[in-house]
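Structure record follows, encoded as structure tokens.
Protein chains: 4
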Amino acid sequence: MSSTYGDKIKLSVFGESHGGGIGVVIDGLPAGERIDFDAVLAQMARRAPGRDKTATPRKESDLPKILSGMLGDVLTGAPLCAVIENTNTRSQDYGNLLSKPRPGHSDFTAYVKYRAANDIRGGGHFSGRITAPLVFAGAICRQLLERRGVRIAAHIQAIGNARDALFDPVSIDPALMTRLSASSFALIDETAEAKMRAEVEAARMAQDSVGGIIECAVTGLPAGVGEPMFDGIESAVAKAVFGIPAVKGIEFGSGFALAQLRGSQANDPFRYKNGSVVTETNNCGGILGGITDGMPLIFRAAIKPTPSISQPQKTVDLQTGENAVLEIHGRHDPCIVPRAVPVVEAAAAAALINLM
Amino acid sequence: MSSTYGDKIKLSVFGESHGGGIGVVIDGLPAGERIDFDAVLAQMARRAPGRDKTATPRKESDLPKILSGMLGDVLTGAPLCAVIENTNTRSQDYGNLLSKPRPGHSDFTAYVKYRAANDIRGGGHFSGRITAPLVFAGAICRQLLERRGVRIAAHIQAIGNARDALFDPVSIDPALMTRLSASSFALIDETAEAKMRAEVEAARMAQDSVGGIIECAVTGLPAGVGEPMFDGIESAVAKAVFGIPAVKGIEFGSGFALAQLRGSQANDPFRYKNGSVVTETNNCGGILGGITDGMPLIFRAAIKPTPSISQPQKTVDLQTGENAVLEIHGRHDPCIVPRAVPVVEAAAAAALINLM
Amino acid sequence: MSSTYGDKIKLSVFGESHGGGIGVVIDGLPAGERIDFDAVLAQMARRAPGRDKTATPRKESDLPKILSGMLGDVLTGAPLCAVIENTNTRSQDYGNLLSKPRPGHSDFTAYVKYRAANDIRGGGHFSGRITAPLVFAGAICRQLLERRGVRIAAHIQAIGNARDALFDPVSIDPALMTRLSASSFALIDETAEAKMRAEVEAARMAQDSVGGIIECAVTGLPAGVGEPMFDGIESAVAKAVFGIPAVKGIEFGSGFALAQLRGSQANDPFRYKNGSVVTETNNCGGILGGITDGMPLIFRAAIKPTPSISQPQKTVDLQTGENAVLEIHGRHDPCIVPRAVPVVEAAAAAALINLM
Amino acid sequence: MSSTYGDKIKLSVFGESHGGGIGVVIDGLPAGERIDFDAVLAQMARRAPGRDKTATPRKESDLPKILSGMLGDVLTGAPLCAVIENTNTRSQDYGNLLSKPRPGHSDFTAYVKYRAANDIRGGGHFSGRITAPLVFAGAICRQLLERRGVRIAAHIQAIGNARDALFDPVSIDPALMTRLSASSFALIDETAEAKMRAEVEAARMAQDSVGGIIECAVTGLPAGVGEPMFDGIESAVAKAVFGIPAVKGIEFGSGFALAQLRGSQANDPFRYKNGSVVTETNNCGGILGGITDGMPLIFRAAIKPTPSISQPQKTVDLQTGENAVLEIHGRHDPCIVPRAVPVVEAAAAAALINLM
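Chains as they are written, first to last, in our numbering: chain A, 7 to 362; chain B, 7 to 362; chain C, 7 to 362; chain D, 7 to 362.
This is the structure in structure tokens:
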């Protein structure tokens with residue numbers, strides 16, 4: 007496995023859904039920087055399940071415990087290790103999943119790769135729960151970025167057929183960035199919430215799930231960040247964002263729509279504005295030749311619908327070698343897109359801090 | 007800069023459009039494997055400019071010269087260095103571009119990052135010509151992959167509004183793979199050629215350019231290749247493919263279309279077929295949890311229109327600090343999509359050989 | 007900081023002497039391998055302070071707690087995280103050390119690098135205690151190596167002027183390897199113990215400390231392991247072994263003695279023995295061109311005397327900017343060489359598992 | 007193979023003794039820095055064979071040709087590729103070596119690892135000639151270091167039993183550094199030359215070779231360079247220096263002599279001198295906890311005698327499977343220690359530039 011990311015600031019994520027704990031080691035953080043731990047917890051709360059629309063107080067078990075790398079609220083420069091204990095480690099019956107892989111899940115590929123050794127319980131290391139330490143790490147990284155003037159915020163661009171407005175690619179209101187990066191159902195146009203929730207409810211009622219698109223903006227990046235070719239911004243951000251389970255596509259700026267444009271439409275004209283070079287449009291998403299041009303960095307990530315659904319599904323029985331039907335009981339989250347918003351932001355933060 | 011890729015088989019690409027030469031060092035190749043050099047040259051010819059629809063014999067200057075790593079046609083296991091000499095090193099007047107960055111090009115970001123030191127001539131290290139050594143490296147990698155049963159082929163899925171058919175994601179004819187991977191205008195449905203060429207001609211006549219989409223398939227990958235999280239197939243392939251100038255988006259399987267699907271539609275049911283586990287559909291593009299499931303790996307890359315166009319364009323004059331208009335004379339390639347097909351295949355080959 | 011090692015099997019060590027815990031994440035371990043946890047604990051006991059010559063039962067607080075990567079006693083293939091809790095986190099007065107750096111310690115360099123942010127308590131991340139997770143990781147790696155026929159054992163070659171016998175470089179008795187790798191005062195010639203303990207006692211009585219040399223042998227390595235140049239066996243082992251605080255030198259085979267030899271003396275003649283190629287002597291330490299030749303791998307590491315001594319020492323006062331005298335009270339270990347033996351073995355194990 | 011070094015500034019060395027060329031790609035060099043090419047050539051001349059005591063003009067074929075990364079004499083920031091053509095590519099009879107491996111050489115291990123694919127001619131990629139591109143890369147790196155106040159120089163500390171004086175570890179005359187780093191037979195005490203040359207001549211007359219020790223000093227390093235554990239100065243320098251064929255040991259500061267010292271002798275007392283913290287002695291070689299303390303960095307490398315000697319040697323015949331005798335005709339360099347001095351400096355430069 008390779009659950010590590012980064013050269014300068016290295017993340018090493020560990021943990022299985024039902025093991026002793028999940029967490030992350032972050033190596034290479036600068037010494038002496040103060041961390042606002044409440045802000046870290048606020049980011050983690052955005053990702054945590056069951057938080058949206060609820061007022062239940064934070065459960066103790068979700069608190070990341072800092073084992074190293076901080077003295078009080080200051081980074082020491084030594085590797086930071088944060089652990090979140092698992093409380094749900096009861097020995098449920100997962101034998102079913104071991105023999106009948108869930109369609110759309112990693113059950114089958116993990117079985118082929120790790121055989122009986124794989125910890126299937128709750129999805130093991132492939133569980134969405136593994137994104138919690140990523141959000142923790144991203145929350146640290148984004149504080150360092152903010153101190154350098156860089157802001158990251160994302161929103162739910164689409165759930166099923168319901169759509170939010172898009173970021174204005176050439177000028178993003180700082181107040182919008184602030185609001186989005188604190189929201190648990192992040193929308194530019196908040197009137198889109200009703201139709202999105204309707205999509206989720208319809209999926210839930212059908213014992214089904216639904217996917218979506220997350221759009222992310224990064225403001226305040228100076229021009230000149232990123233390296234040509236394989237360490238360009240697109241390569242680095244894509245590698246990090248595809249590390250999130252469920253992401254199946256990414257596009258920068260106008261992305262796939264560029265395929266139908268002419269060069270005269272796609273090229274972003276340069277202009278002077280208050281003595282600085284800006285572009286009039288931002289089809290390139292703030293990146294030329296892999297390097298930032300000083301405009302907002304914009305990208306979108308496609309999130310597939312949660313594969314866990316309660317409907318009976320066609321699968322195979324790896325024990326008997328015969329086709330089979332799988333029924334998964336219990337409550338399933340019909341849409342993880344809102345909770346994936348802070349995860350996408352965290353992946354972007356981890357990628358960018360490594361290039362600055 | 008960081009023009010290197012890979013851990014196991016490391017590529018280090020070098021060269022500028024108008025310097026002494028361009029090339030690549032490949033470190034980690036297995037000793038004793040025979041390389042079909044004609045097949046390598048055939049791949050390079052697919053990428054070379056001016057080859058499509060022409061019968062001009064290969065010019066000597068395009069031949070990659072092997073400096074090390076091969077004895078006869080056999081890999082020695084030592085680092086392989088291949089160099090392609092530049093013949094067009096004449097001192098054209100690029101002062102214009104130094105002061106007036108081309109919209110959509112890396113001129114401006116390279117200027118900010120490297121200042122006067124940047125070799126602007128012909129785009130320097132950012133030139134599309136730098137993809138030639140990548141195709142060379144990919145041609146070596148794909149021969150190693152083919153020997154392990156893995157085939158890679160891509161086609162022009164779209165140029166502007168003209169579209170080709172799509173790969174059948176669950177069953178791809180080996181003969182199609184063979185035909186596509188040798189074609190200089192690769193199409194599944196060859197009747198699409200006329201309308202695509204019409205799109206290109208229309209752009210040319212308008213002194214403009216046009217973008218497109220390339221769809222790539224990899225067959226014969228066993229189940230179990232790839233690592234979870236940041237070294238998953240999607241992360242690895244995306245990092246490599248975004249290393250190609252002009253790529254602005256990538257999606258795996260049904261990609262962005264998954265956002266509008268329900269889980270019951272998106273999940274690919276498992277079935278036994280001739281004793282092996284297959285999926286009935288392939289919305290996941292052959293990848294679950296970052297790991298191959300044994301079905302064809304399918305992805306699409308969005309190619310932006312070539313930024314170099316002959317129309318006057320709005321830009322800035324970095325010398326005078328004023329807005330300006332740029333006119334670039336000379337012939338420009340109105341569409342690089344056909345030539346980008348082997349480059350996308352090469353990037354995929356480099357990514358996959360590192361995970362096997 | 008960069009407390010990570012390895013490409014294939016990556017170690018990420020974390021923790022400070024007096025923080026919440028110390029530990030390691032190991033990424034890339036093979037799935038399905040059974041781990042003998044008692045054997046792991048036995049290795050850790052060899053390193054733990056105060057174990058030698060005592061029969062005190064193991065304190066609970068020293069037990070590594072596995073948070074992830076194992077199901078029962080089997081590796082799952084997911085990253086393995088082990089944590090050892092710190093119990094000694096009381097707020098002793100370390101202000102003294104912050105202003106008066108201990109000669110021979112990292113206090114001064116850590117102060118320059120991390121300033122006030124550095125966790126000085128107990129040496130922080132620079133503490134010898136940080137070698138505990140390294141021994142843990144090495145214990146896992148050596149079990150994997152043993153299963154492939156590779157054995158690692160080291161002994162105290164010298165403490166001060168007292169010396170042990172040397173390994174026979176061409177033929178090492180497996181029983182000796184077994185005995186050494188379980189010993190807490192590892193000696194080939196056990197009669198050397200008395201004079202070594204006398205050296206340690208003499209240093210203790212003088213409120214001083216004493217250094218030594220550790221010799222390490224690895225048997226069972228097949229010929230052909232290692233890569234030329236920067237990933238050769240010497241480079242890899244040296245990088246890992248110098249990661250241990252207190253190591254100031256390393257030599258392979260006859261090492262520095264080769265400087266005075268003629269080629270005709272240094273070259274190890276090849277011979278056939280039972281159908282295999284062996285060398286009659288082993289001045290090269292089992293490595294030619296960075297690659298194993300199938301003979302025992304032999305290296306020696308120089309360990310400097312523990313810098314913490316009770317004698318008054320000349321230092322500076324960083325607060326007042328004046329020369330000063332430092333007196334450190336409390337018990338100090340006058341010789342860490344015996345306890346460093348399993349740490350050197352662990353570093354070798356981590357290096358070799360990455361090359362196999 | 008892995009002939010690459012570095013994270014920040016990456017070296018990728020390629021080439022075989024008798025292939026088309028040898029060279030290096032350096033990725034990550036800063037844009038805009040001017041390179042004194044004559045100074046680069048001067049370093050390469052120190053390493054080149056047959057230069058010592060001769061006045062033969064430089065042969066054209068030894069000139070490194072810059073293919074990329076420089077515009078005039080200025081670094082562009084793009085990867086720099088330098089190639090040295092091989093002129094001696096005649097097809098000599100190496101079949102002998104293929105079947106009868108030279109004792110002390112990599113012939114046997116390369117045979118086991120690469121089998122028939124290995125390019126045995128002249129030692130192939132294992133040839134000492136491969137250190138030429140390393141000296142080239144080091145010459146670039148040392149110019150960047152010098153501009154930051156860091157100087158590197160080494161000398162022949164010993165050849166056989168003949169010894170030079172040692173560096174004064176606490177205060178090194180800049181004029182000495184200048185003299186040594188330009189010398190082709192670098193000695194602190196130049197009266198040692200006669201006895202050293204006598205050692206070499208004695209070896210030559212005996213159709214034998216002789217080893218030695220190189221001592222290297224780095225001045226001007228600020229305190230605080232290096233990372234704890236595996237990216238400490240010792241780990242980084244050792245990994246680079248062991249990349250040089252023939253190096254079998256390395257020690258920092260007092261190195262192996264520390265084993266016999268007491269802590270009270272080994273610890274270097276801190277003192278204020280002109281407002282800066284210095285140490286009165288320098289047993290630690292300028293490194294505490296893997297991090298520079300601002301004093302000169304001192305290390306010594308053991309160089310084994312050249313394995314190529316004209317005496318008959320015992321070996322095996324891999325073709326017949328029988329013991330055999332090998333006689334190598336032709337002129338052999340009886341001592342490579344003087345020429346290895348600039349190679350050791352180059353390796354140190356490559357290591358240090360990656361930590362600054």
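Every residue, glycine too, gets a C-beta built ideally from N, C-alpha and C.
Keep in mind that this is a model prediction, so the values were computed, not measured.
- Within chain C, Gly110 have C-beta atoms less than 7 Å from the C-beta of Cys290 of chain D, given in sequence order.
- One Cα belongs to Tyr117 of chain A, the other to Leu17 of chain A, and the distance between them is close to 26 Å.
- For Arg277 of chain A, the CB contacts under 8 Å within the same chain, skipping 5 residues up- and downstream, are Val283, Val284, Thr285 and Glu286 in chain order.
- Per DSSP, reduced to three states, the secondary structure at Lys71 of chain B is strand.
- For the set A:Leu227, A:Gly261 and A:Pro340, the Cα lying nearest the Cα of Pro302 of chain A is the one of A:Leu227.
- Looking at the backbone, the Cα of Glu199 of chain B and that of Ser189 of chain B are separated by about 12 Å.
- Arg268 of chain A carries a strand assignment under DSSP once its states are collapsed to helix, strand and coil.
- In chain order, Ile15, Cys147, Leu150 and Leu151 place their CB closer than 7 Å to the CB of Ile359 of chain C, counting only its own chain and leaving out the 5 sequence neighbours on each side.
- Under the three-state reduction of DSSP, His131 of chain D is assigned to helix.
- Annotation for Cys147 of chain B: the continuous alpha helix (DSSP H) segment containing it runs Thr137 to Arg153.
- Taking 8 Å as the threshold, the shortest C-beta distance from His131 of chain A to chain B falls below it.
- When secondary structure is reduced to three states using DSSP, Gln325 of chain A falls in the coil class, being assigned neither helix nor strand.
- Gly255 of chain B has a beta carbon lying within less than 8 Å of a beta carbon in chain A.
- With respect to Ala354 of chain D, Val247 of chain D sits close: the two C-beta atoms are nearer than 8 Å.
- Gly238, Ile239, Glu240, Ser241, Ala242, Val243, Ala244, Lys245, Ala246, Val247, Phe248, Gly249, Ile250 and Pro251: these are the residues of the region 238-251 of chain D whose beta carbon lies less than 9 Å from some beta carbon of chain C, given in chain order.
- Secondary structure at Ile41 of chain A: coil, using DSSP grouped into helix, strand and coil.
- Between Glu22 of chain B and Ser133 of chain B, the C-beta spacing is below 8 Å.
- Across the structure, Glu91 of chain D and Asp113 of chain D are spaced so that their CA atoms are roughly 23 Å apart.
- Leaving aside the five residues that flank Ile136 of chain C on each side, the residues in its chain whose CB is nearer than 7 Å to its CB run, in chain order, Val19, Gly21 and Ile28.
- Boundaries of the alpha helix (DSSP H) around Leu358 of chain A: Val343 to Ile359.
- Counting other Cβ atoms within 10 Å of its Cβ, His335 of chain A stays below 16 and is therefore classed as exposed.
- According to DSSP, Glu22 of chain D shares a beta bridge with no other residue.
- Using beta-carbon distances, Ser105 of chain C does not count as an interface residue toward chain A, since no partner is under 8 Å.
- Phe262 of chain B sits in a helix when the DSSP states are folded into three classes.
- Listed in chain order, the non-local C-beta contacts of Val331 of chain A below 6 Å within the same chain comprise Pro318, local neighbours out to five positions each way being set aside.
- Shortest Cα-Cα distance from Pro251 of chain D to any of D:Val30, D:Pro70, D:Val347 and D:Met50 involves D:Val347.
- DSSP lists D:Thr285 as the beta-bridge partner residues of Phe276 of chain D.
- Under the three-state reduction of DSSP output, Phe305 of chain C falls in the strand class.
- Taking the C-beta atoms as reference points, Leu193 of chain A is found nearer than 8 Å to Asp170 of chain A.
- If you ignore the 5 residues before and after Val349 of chain A, its C-beta comes within less than 7 Å of the C-beta of Arg53, Thr137, Leu140, Val141 and Ile250, all in its own chain and listed in chain order.
- Proximity of the region 292-306 of chain C to the region 287-298 of chain D falls short of the contact definition, fewer than three beta-carbon pairs being nearer than 8 Å.
- Using a Cβ-Cβ cut-off of 7 Å, Lys201 of chain C is close to nothing in chain D; its nearest Cβ partner there is about 13 Å away.
- Segment contact: the region 205-213 of chain C against the region 255-265 of chain D, fewer than three CB-CB distances shorter than 8 Å; contact not assigned.
- For Ala84 of chain D, the closest Cβ of chain B is nearer than 8 Å.
- Per DSSP, reduced to three states, the secondary structure at Arg169 of chain B is strand.
- At a cut-off of 8 Å between beta carbons, Pro70 of chain B makes no contact with chain A.
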